[in-house]
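Q:
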Amino acid sequence: MSRVIVLSGGESTEHEVSLASGADVAESLARQHRVMPIRIDRAGMWWMEGVNTAFTASDILDELEPDDVVFPVLHGGWGENGGLQHELETRGIRYVGCSAAACRVGMSKLATARAAVRGGVPTIPTRVLHRSSYLADPDLHASALARVADWPLIVKPDAGGSSVGVAVVSSLRELRAALDVAFELDPVVLLQPLIRGAEVSVGVWNGSEHPLRATGGSLVHLPEGETAFSYDHKYSGAGGWLEIPATFPAPILHELQTAALSVAEAVGVAGLARIDFFVTAEGVVLNEINTMPGLRRESHFPRLVSAAGTSYDELLDGLVRRAARASGLSADDRWTGPGIRTARTIGA
1125 MSRVIVLSGG ESTEHEVSLA SGADVAESLA RQHRVMPIRI DRAGMWWMEG VNTAFTASDI
1185 LDELEPDDVV FPVLHGGWGE NGGLQHELET RGIRYVGCSA AACRVGMSKL ATARAAVRGG
1245 VPTIPTRVLH RSSYLADPDL HASALARVAD WPLIVKPDAG GSSVGVAVVS SLRELRAALD
1305 VAFELDPVVL LQPLIRGAEV SVGVWNGSEH PLRATGGSLV HLPEGETAFS YDHKYSGAGG
1365 WLEIPATFPA PILHELQTAA LSVAEAVGVA GLARIDFFVT AEGVVLNEIN TMPGLRRESH
1425 FPRLVSAAGT SYDELLDGLV RRAARASGLS ADDRWTGPGI RTARTIGA
C-alpha cells in the first residue's frame, strides 16, 4: 500500500474547483492507500493537514521517499502546465497523470490544435491575438477585428480551463470587454467562430492493467438561449446539464472515440484526460483537451468513466497503481520510513 501525496488548490483561477476535487480524491484513496493531503494556497505555499506551518514546494518534495506517489489534482497554472510535472520528473518522483511535455501542449489550446491537425483530427478556425500588440492600441485592434467579424464569435484565453475568461460576443462593445478580460488572464487569446453543433466530451484513461482507452460520449444540454457551456453551468447549477452516457449513432460514436484517441496520442496523454468536441453536420471537430479534468465524484470525467464500467474508486486506485508501476515498483509496497517532517525538523 503506497503513500499518496494528494495536492490540491494552487494559484490559478481554478483554485476552489481543485480543492473540491482533491477532497474527494483523498477520501477515496484513503480506503486502499496511505494518503497525505496537501493544500496549496493562492500564494503558492504548501500546507499539510494538522500542521500549522506553511512550506515551500521544495520543503515538501525534498522529503518524499522513492516509493511515494504524487497525485496532482491541480487545474491550471504551474500544477497543470507542466511546471510541477517537470519538477517531479527532475527529482525522479512518481506521479499520476500526463508528462510535463504533454501538459505543456494540453494547457495551450493552440498547441493542442496543432498536435490534433498532425493527428488528422479537424479543428476550429482560429485567429491568434497577442497581448503586447493588443495593448498598444486596444480600440484600433478591436475595431479592426469587428469590421471583418462574422458574429457571434468566441473569445478564449489560450491557457486555462473551466471556461474561465471564455465569452461569446456579438458586437464591438462586447468584443472589447471580452478581450480585456481574456488578456488579464493570458498573454495569448484566441478568436473563433461560434460552432453550431452538439458539444460532446470523451474521456480517455489507462489504469494499472490496460492501455489507453476511450469512454462513450457525453452531451451538453444548455438552457434555452444559451450558446456555450460556461463556468456557472459547470459549477454553480446555472441550468446546463450533461447527458451521460449520451446516445449517438454507432458511426458517430466510433468517430468520436477514434478522434479522442488520436488527439490523446498526438498530445502524449498518459493516465487520464477529457477531450471536448463539437459534432456538426460536417463531422467531429476538436474543441480542447483537459489533461487534469475535475475529479469530484460527480464531475464530468469520472461520470464518463463510470458509464464505461469503471467506478470512481477503481479509477483513482488504477491511476495510482499505474504511476507506481511506471518505475517498476509495486503500489502494494508499504513505505515504512518516517513521515514528512515539520519545519522544526526539516534540515535537521
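If you count the sequence shown from 1, position 158 lands on 1282 in my numbering, and the numbers rise without skipping.
Ideal Cβ positions, reconstructed from N, Cα and C, are used throughout, including at glycine.
1. I'd like to know whether the C-beta atoms of valine 1252 and proline 1276 end up nearer to each other than 8 Å.
2. Determine the direct distance from the alpha carbon of isoleucine 1413 to that of isoleucine 1248, and round the result to whole angstroms.
3. Would DSSP call serine 1360 helix, strand or coil?
4. Are the C-beta of alanine 1270 and some C-beta of chain B separated by less than 8 Å?
5. Arginine 1242: which of Arg1300, Arg1320, Val1387 sits nearest, CA to CA?
6. Is valine 1288 helix, strand or coil when you go by DSSP?
7. What residue range does the alpha helix (DSSP H) around aspartate 1148 cover?
8. Taking all protein chains shown into account, do 16 or more other C-beta atoms lie within 10 angstroms of the C-beta of glycine 1244, making it buried, or fewer, making it exposed?
9. Go through the region 1203 to 1256 residue by residue and report every complete run of the beta strand (DSSP E) that reaches 3 residues or more, in order.
10. Give the C-beta separation of leucine 1208 and leucine 1269 to the nearest angstrom, bearing in mind that I take them to be a contact with Cβ-Cβ under 8 Å.
11. Cβ of serine 1223 within 8 Å of Cβ of glycine 1392?
12. Quick check: the region 1442 to 1452 against the region 1326 to 1337, are at least 3 beta-carbon pairs closer than 8 Å?
13. Helix, strand or coil: how does DSSP classify glutamine 1316 here?
14. Do the region 1157 to 1173 and the region 1372 to 1381 make contact, defined as three or more Cβ pairs closer than 8 Å?
15. Give me, in chain order, the residues of the same chain whose beta-carbon lies closer than 8 Å to that of aspartate 1263; leave out the 5 immediate sequence neighbours on both sides.
16. Please list the terminal residues of the continuous alpha helix (DSSP H) segment that includes leucine 1385.
17. Quick check: the region 1230 to 1240 against the region 1412 to 1430, are at least 3 beta-carbon pairs closer than 8 Å?
18. Who are the near neighbours of serine 1257 in its chain, counting only those whose CB is closer than 8 Å to its CB and skipping five residues on each side?
19. What number of angstroms, rounded off, separates the C-alpha of proline 1462 from the C-alpha of glutamine 1156?
20. Go to glutamate 1323, then tell me how far its beta strand (DSSP E) extends in each direction, as first and last residue.
21. Leaving aside the five residues before and after arginine 1255 along the sequence, list all residues of the same chain whose C-beta is less than 6 Å from its C-beta, in chain order.
22. Applying the 10 Å Cβ sphere with the 16-neighbour rule, what's the burial state of serine 1136?
23. Can you give the Cα-Cα distance for valine 1197 and glycine 1146, rounded to whole angstroms?
24. Going by other Cβ atoms of all chains shown within 10 Å of its Cβ, with 16 needed for buried, is alanine 1390 buried or exposed?
25. For alanine 1338, which residues of its own chain have a beta-carbon under 6 Å away from its beta-carbon, when the five flanking residues on both sides are left out?
26. According to DSSP, is valine 1194 helix, strand or coil?
27. So, is threonine 1177 buried or exposed, given that buried needs 16 or more other C-beta atoms within 10 angstroms?
28. I'd like the span of the alpha helix (DSSP H) that includes leucine 1269, first residue to last.
29. For the region 1181 to 1195 and the region 1207 to 1221, state whether three or more C-beta atom pairs, one from each stretch, are separated by less than 8 Å.
30. Can you look up leucine 1303 in the DSSP assignment and give me helix, strand or coil?
31. Please classify arginine 1427 as buried or exposed, where buried requires at least 16 other C-beta atoms within 10 Å of its C-beta.
32. With distances taken from CA atoms, which of Ile1129, Ile1184, Val1409, Gly1174 is nearest isoleucine 1319?
33. Looking at C-alpha atoms only, which residue of Asp1148, Gly1206, Leu1259, Leu1131 is the closest neighbour of threonine 1180?
34. If you follow the alpha helix (DSSP H) that glycine 1442 is in, where does it begin and where does it stop?
35. Could you tell me which of Gly1134, Pro1369, Ala1397 sits nearest to glycine 1433, measuring between CA atoms?
36. Let me know if alanine 1374 comes out buried or exposed under the rule of 16 or more other beta-carbons within 10 Å of its beta-carbon.
A: If we stick to the structure as given:
1. Along the sequence shown, read from residue 1 onward, the residue named residue 1252 stands at position 128. Along the sequence shown, read from residue 1 onward, the residue named residue 1276 stands at position 152. No, Cβ-Cβ distance for valine 1252 and proline 1276 is not below 8 Å.
2. Reading the sequence shown from its first residue, position 124 is the one you call residue 1248. Reading the sequence shown from its first residue, position 289 is the one you call residue 1413. Going from the Cα of isoleucine 1248 to the Cα of isoleucine 1413 covers about 13 Å.
3. Against the sequence shown, residue 1360 aligns to sequence position 236. A caution first: serine 1360 carries a pLDDT of 47, below 50, which makes its placement in the model unreliable, though a value can still be read off. Coil at serine 1360, not helix or strand.
4. No chain B appears in the structure shown, which is made up of a single protein chain.
5. Mapped onto the sequence shown, residue 1242 falls at position 118. Closest by alpha carbon: Val1387.
6. Here residue 1288 refers to the residue found at position 164 when the sequence shown is read from its first residue. Reduced to three states, the DSSP call for valine 1288 is coil.
7. Working through the sequence shown from its first residue, we reach residue 1148 at position 24. 1139 to 1153 is the extent of the alpha helix (DSSP H) around aspartate 1148.
8. Residue numbering aside, residue 1244 sits at position 120 when the sequence shown is read from its first letter. Exposed.
9. 1251 to 1254
10. For the purposes of this step, residue 1208 is taken as the residue at position 84 of the sequence shown. For the purposes of this step, residue 1269 is taken as the residue at position 145 of the sequence shown. For a cut-off of 8 Å, the C-beta gap from leucine 1208 to leucine 1269 is around 35 Å, too long to register as a contact.
11. Within the sequence shown, residue 1223 is the residue found at index 99, counting from 1. Within the sequence shown, residue 1392 is the residue found at index 268, counting from 1. Yes, Cβ-Cβ distance for serine 1223 and glycine 1392 is below 8 Å.
12. yes
13. Position 192 of the sequence shown, counted from the start, is the residue given in the question as residue 1316. In the structure shown, glutamine 1316 sits in a strand (DSSP, three-state: E or B).
14. Contact fails: fewer than three Cβ-Cβ distances are below 8 Å.
15. Indexing the sequence shown from 1 puts residue 1263 at position 139. Here the set comprises Arg1300.
16. Position 261 of the sequence shown holds residue 1385. Per DSSP, leucine 1385 belongs to the alpha helix (DSSP H) from 1374 to 1391.
17. yes
18. Here residue 1257 corresponds to residue number 133 of the sequence shown, with the count starting at 1. Correct list, in chain order: His1265.
19. In the sequence shown, counting from the first residue as 1, residue 1462 sits at position 338. In the sequence shown, counting from the first residue as 1, residue 1156 sits at position 32. At proline 1462 the pLDDT is 29, less than 50, meaning the model places this residue with poor confidence and gives no usable figure here.
20. In the sequence shown, counting from the first residue as 1, residue 1323 sits at position 199. That run of the beta strand (DSSP E) goes 1322 to 1329.
21. In the sequence shown, the residue the question calls residue 1255 occupies position 131. Cβ within range, chain order: Phe1307, Pro1311.
22. Position 12 of the sequence shown, counted from the start, is the residue given in the question as residue 1136. Classification of serine 1136: buried, given that the 10 Å Cβ count is 16 or more.
23. The residue labelled residue 1197 in the question sits at position 73 within the sequence shown. The residue labelled residue 1146 in the question sits at position 22 within the sequence shown. Distance between the alpha carbons of valine 1197 and glycine 1146 is about 6 Å.
24. Here residue 1390 refers to the residue found at position 266 of the sequence shown. Residue environment analysis places alanine 1390 among the buried positions, since at least 16 neighbouring C-beta atoms fall within 10 angstroms of its C-beta.
25. Counted from its first residue, the sequence shown places residue 1338 at position 214. Correct list, in chain order: Val1326, Val1328, Gln1381, Ala1384, Leu1385.
26. By 1-based counting over the sequence shown, the position of residue 1194 is 70. Correct three-state label for valine 1194: strand.
27. Within the sequence shown, the letter at position 53 stands for residue 1177. Classification for threonine 1177: exposed.
28. Within the sequence shown, residue 1269 is the residue found at index 145, counting from 1. From DSSP, the alpha helix (DSSP H) with leucine 1269 extends over 1262 to 1271.
29. yes
30. For the purposes of this step, residue 1303 is taken as residue 179 along the sequence shown, with counting starting at 1. In the structure shown, leucine 1303 sits in a helix (DSSP, three-state: H, G or I).
31. Within the sequence shown, the letter at position 303 stands for residue 1427. Arginine 1427 sits buried, since 16 or more C-beta atoms from the chains shown fall within 10 Å of its C-beta.
32. Residue 1319 sits at position 195 when you count from the first residue of the sequence shown. Here the closest residue by C-alpha is Val1409.
33. Counted from its first residue, the sequence shown places residue 1180 at position 56. Closest by alpha carbon: Leu1131.
34. Here residue 1442 is taken as the residue at index 318 of the sequence shown, counted from 1. Counting along the chain, the alpha helix (DSSP H) containing glycine 1442 begins and ends at 1436 to 1449.
35. Along the sequence shown, one-based indexing puts residue 1433 at 309. The residue with the shortest Cα to Cα distance from glycine 1433 is Pro1369.
36. One-based indexing of the sequence shown puts residue 1374 at position 250. Exposed is the label assigned to alanine 1374, since fewer than 16 other Cβ atoms lie within 10 Å of its Cβ.
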